[in-house]
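Have a look at the structure below before the remarks.
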Amino acid sequence: MTLITDAIRDELTKLYNDLSRYYHSLRHVEALLALLAGHHDKFHDPEAIEIAIWFHDAIYNAQAKGNQNEMESAKLAVSRLSGKVDAVRLDGIRIMIEATATHIVPNLPTTEEATDAAMFLDMDLSILGANESDFDGYEAAVRKEYAHVDDEAWKQGRAAVLKRFLGRQWIYHSELFRGLLEEKARANLRKSVERLGGSAP
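By the count of UniProt numbering, the sequence shown reaches residue 201 at its end, each step adding exactly one.
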């Protein structure tokens, strides 16, 4: 039995269906839930991952500073699930949601939790390793979410973000998603950086 009740799902669906969202929408959540379903047996606590997926972008304002969106999304998860989820387990979910600000695997008490967190973060970045048309659609959608940013600032800021991922030894933390997506993601990001007028590392 899922802990995402009808009431919670309805509340979150309304948030994800906000007209200001072009990528960070219900479609993104559904894509991650489909990935979770496809790799369900690889997770130690798939129910916790389902919760993290539903809440991780619940609060999304493209003009927010720093990790404000992730922190507020995590707070919402805690407020809605306190008393319904074991406190230690809920804290792990909170930490995973907050980690989507950096996509660096957080420090968690057990190897099992860390492994789940790594695959959760990888799923959130799965679009980077998508086929070219889907990746281009993602980039166009994110640009719409940042329509308030002028073209030059967008090019510089976006290129910096993509270069940070390219500068990592691995974009994906888990062997599973590294094997499935790493090569394509690097090719997509290099092309994107070049389109933005930069030089890919």
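Virtual Cβ for every residue (Gly too), placed ideally from N, Cα, C.
As the structure is a computational prediction, the values presented were derived from the model and not from experiment.
Please identify the residue among the options whose C-alpha is closest to the C-alpha of residue i.
i           : options                           : result
Leu35       : Leu180, Ala200, Ser192 and Leu166 : Leu180
Leu32       : Asp57, Glu182 and Ala62           : Asp57
Glu72       : Ser199, Met96 and Glu175          : Met96
Glu182      : Glu194, Val193 and Gln169         : Gln169
Arg9        : Val88, Ile53 and Tyr23            : Ile53
Ile51       : Val78, Gly38, Gln63 and Gln68     : Val78
Arg178      : Arg94, Leu125, Pro109 and Arg143  : Leu125
His40       : Leu189, Gly167 and Phe120         : Phe120
Thr5        : Asn61, Asn188 and Val85           : Val85
residue 202 : Ser199, Tyr60 and Val149          : Because the chain is modelled from 1 through 201, residue 202 falls outside the range shown and cannot be assessed.
Lys75       : Ala62, Gly92 and Gln63            : Gly92
Gly38       : Arg186, Lys191, Ala185 and Leu176 : Leu176
Asp45       : Thr110, Arg186 and Gln63          : Thr110
Does the beta-carbon of residue i have 16 or more other beta-carbons within 10 angstroms, so that it is buried, or is it exposed?
i      : result
Arg164 : exposed
Gly66  : exposed
Ala7   : exposed
Leu19  : exposed
Asp122 : buried
Ser82  : exposed
Glu113 : buried
With residue i and residue j assumed to form a contact (beta carbons below 8 Å), what rounded beta-carbon distance in angstroms separates them?
i      : j      : result
Ala159 : Leu196 : 4 Å
Tyr23  : Glu145 : 6 Å
Thr2   : Glu47  : 7 Å
Ala87  : Val105 : That pair is no contact at about 22 Å.
May I ask which residues mark the beginning and end of the alpha helix (DSSP H) holding residue i?
i      : result
Arg186 : Glu175 to Arg195
Asp10  : Asp6 to Tyr16
Lys84  : No alpha helix (DSSP H) contains Lys84, which DSSP labels as neither H nor E.
Ile51  : Pro46 to Phe55
Ala58  : Element bounds for Ala58: n/a, residue is neither H nor E.
Gly38  : Leu26 to Gly38
| said: At 4 residues or longer, what runs of the alpha helix (DSSP H) sit wholly inside the region 89 to 173? | reply: Qualifying alpha helix (DSSP H) stretches, in chain order: 111 to 124, 132 to 145 and 151 to 166.
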